[in-house]
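There are 2 protein chains.
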Amino acid sequence: MTTPLSTADELADTVKVLAFDIFGTVVDWHGSIVREMQALHPAVDGDAFAIAWRSGYQPAMARVMRGEQGWTRIDALHRGILDEILPKFGLAHLTEAERWHLNHVWQRLAPWADSVAGLTQLKSRFTITTLSNGNISLLTHMAKRAGLPWDCILSAEVFRAYKPHPNTYLGVARTFDLEPAQVALVATHHDDLEAARACGLRTIYVERPLELGAARPKDGTPQPGNDLHTSSILDLAQRLGC
Amino acid sequence: MTTPLSTADELADTVKVLAFDIFGTVVDWHGSIVREMQALHPAVDGDAFAIAWRSGYQPAMARVMRGEQGWTRIDALHRGILDEILPKFGLAHLTEAERWHLNHVWQRLAPWADSVAGLTQLKSRFTITTLSNGNISLLTHMAKRAGLPWDCILSAEVFRAYKPHPNTYLGVARTFDLEPAQVALVATHHDDLEAARACGLRTIYVERPLELGAARPKDGTPQPGNDLHTSSILDLAQRLGC
């Protein structure tokens, strides 16, 4: 009689590639934008500004995916939203150079405290890749600056579709000649994980209670559909035996 | 009166991204295949086998680029050539598992002695990416195994065209929102460098006299069109002030 494998052990034996959502899961977009605004424009409510900027993101991608706009990188979508919200925060006077610089805050986002250590441990056993709606250059510059040790940068830009389109999740499996069940998506967003699961990928939730700032704690209640529920990327590495 | 910048200084100031050819430039395909054949099938002439396998590569890509065959990854092109040449080397009896394993030698190719150190130095100042006809998984596994510290894995697979198609060279510039002259291709093949130059990229030659094995020393005479002519990737890093 053999002892049945735990879910974590079975996952570690089956999965070859861990694909990571980035904004919120690996890096702290809210805190980074708040800090950047405090430094550059201290009179502005950085928390409200970060929330407003991020809120424009899903509708902008939806316009592209409905075909109302041609294929557009996130850098350009972020810039469009920025230009829309600046007047509402009293920043209509920003120059082109200032707007360009501020828009690139998305590649200056700080990793959560456990991200670099956790990814470094996971990399010893798994192939670790981004799977983000962020464009390749954004993700590359972010990784270089933050020391995120990706094996590979995969993005909506490679698959010409944004998550949650199936081509993104299945694209990772195809890229690595794997079955979908040999790939796990790691994310702090249940809608992303659900869409990946519908494509046959394994799913791992990471708690990021402060993703939306201290004023808006996220509900981190474990959802039954996920293969693993973890408190951090370092916790994930330990659970997977790295 | 200011002292004019040397070409290397001007290049280091202008270029943001260094895109590397891989097979021959960063890794030693000939030596690696010879060693693998010596270990697996010592009765076979490993030198002739390596040359025969590599010789099928350009014609196979040309068939795809002429539209006679749909988009095909290099892993599959390599496998097709392998199946063709095995009988000529008395290896028609290899099983599917043996063929699969042998075909993946391309992701087990060893870097030249200076590659990892040179790339690590260059990475401190430049964004370093692959620009290879090899597919993403091949390049990712190779980098992981050999310790090649890429910032980003770009490939013919991302741009759906093989080098020397302009979409590959210009694709790197577009990916990073750069002018072509802010990207340099680093390669040991003059035809690759010429095609990149025709697209407006800067070009850097790396001498790899043993690329085709000790029996076929390459002519490494500097060509006037290249911006730099270097003896190794480590030499390149020193020339660019890293």
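Keeping their order, the protein sequence lines are chains F and H.
At the far end of the first sequence sits residue 918, using the numbering used here, and the numbering has no gaps.
At the far end of the second sequence sits residue 918, using the numbering used here, and the numbering has no gaps.
Beta carbons are placed, not taken as given, at the ideal position from N, Cα and C, and that holds for glycine.
| Asked | Found |
| --- | --- |
| Contact with chain F by T897 of chain H, beta-carbon distance below 8 Å | no |
| Local conformation of G704 of chain H per DSSP, three classes | Inspection of the sequence shows that residue 704 of chain H is occupied by Asp rather than by Gly. Strand. |
| Residues that DSSP places opposite T808 of chain H in a beta bridge | Per the sequence shown, the amino acid found at residue 808 of chain H is Ser instead of Thr. In the DSSP output, where bridge partners are listed per residue, S808 of chain H has H:S831. |
| Closest by C-alpha distance to K894 of chain F, when choosing among F:I698, F:L846, F:E883 and F:N902 | F:E883 |
| Positions along the stretch 684-705 of chain H whose CB lies within less than 8 Å of some CB in chain F | none |
| Pick from F:I812, F:P735 and F:A773 that is closest to T805 of chain H, judged by C-alpha positions | F:I812 |
| 8 Å Cβ cutoff, A860 of chain H in contact with chain F | no |
| Whole-Å CB distance - V702 of chain H paired with L824 of chain H, under 8 Å assumed | 7 Å |
| D689 of chain H burial status per 10 Å Cβ neighbour count (16 or more: buried) | exposed |
| Within chain H, the residues that D853 of chain F reaches when beta carbons sit closer than 8 Å | D751 and S813 |
| DSSP three-state assignment for V859 of chain H, whether helix, strand or coil | strand |
| Opening and closing residue of the beta strand (DSSP E) in which L910 of chain H lies | Unbroken run through L910 of chain H is the alpha helix (DSSP H), I909 to R915; no beta strand (DSSP E). |
| Chain F contact residues for A819 of chain H, given Cβ-Cβ distances below 9 Å | D827 and C828 |
| Neighbour flag for T803 of chain H against chain F, beta carbons, 8 Å | yes |
| CB contact check: V834 of chain F to chain H, cutoff 8 Å | yes |
| L687 of chain F beta carbon less than 8 Å from that of L916 of chain F | yes |
| Contact set for L912 of chain F: own chain, Cβ-Cβ below 8 Å, skip 5 residues either direction | G794, L798, V862, I880, V882, L904 and T906 |
| H905 of chain F, DSSP secondary structure in three states | strand |
| Burial state of H769 of chain H, where buried means 16 or more other Cβ atoms lie within 10 Å | exposed |
| Cβ-Cβ separation, T803 of chain H to T816 of chain F (assumed contact under 8 Å), whole Å | 6 Å |
| Under 8 Å between C-beta atoms of W782 of chain F and L758 of chain F | no |
| Runs of alpha helix (DSSP H) lying entirely within the stretch 731-770 of chain H, each at least 4 residues, in chain order | 733-741 and 750-761 |
| Chain F contact for T816 of chain H (CB, 8 Å cutoff) | yes |
| According to DSSP, residues forming a beta bridge with P787 of chain F | F:V703 |
| Given T683 of chain H as reference, the closest of H:N902, H:S908 and H:C918 once Cα atoms are compared | H:N902 |
| Among F:A773, F:T796 and F:K820, nearest to L785 of chain F - alpha-carbon criterion | F:K820 |
| Between the CA atoms of L807 of chain H and W826 of chain H - distance to the nearest angstrom | 11 Å |
| Span separating the alpha-carbon of G896 of chain F from that of H717 of chain F | 32 Å |
| Nearest-angstrom Cα separation, counted from A857 of chain F out to Q899 of chain F | 19 Å |
| 7 Å CB neighbourhood of E887 of chain H in its chain, flanking five on each side removed | G700, H706, T864 and K894 |
| Assigned secondary structure, I709 of chain F (DSSP; H/G/I helix, E/B strand, else coil) | helix |
| Beta-carbon separation (whole angstroms), V859 of chain F vs L877 of chain F, contact threshold 8 Å | 5 Å |
| First and last residue of the uninterrupted beta strand (DSSP E) at V848 of chain F | Per DSSP, V848 of chain F belongs to no beta strand (DSSP E); it is in the alpha helix (DSSP H), P842 to T851. |
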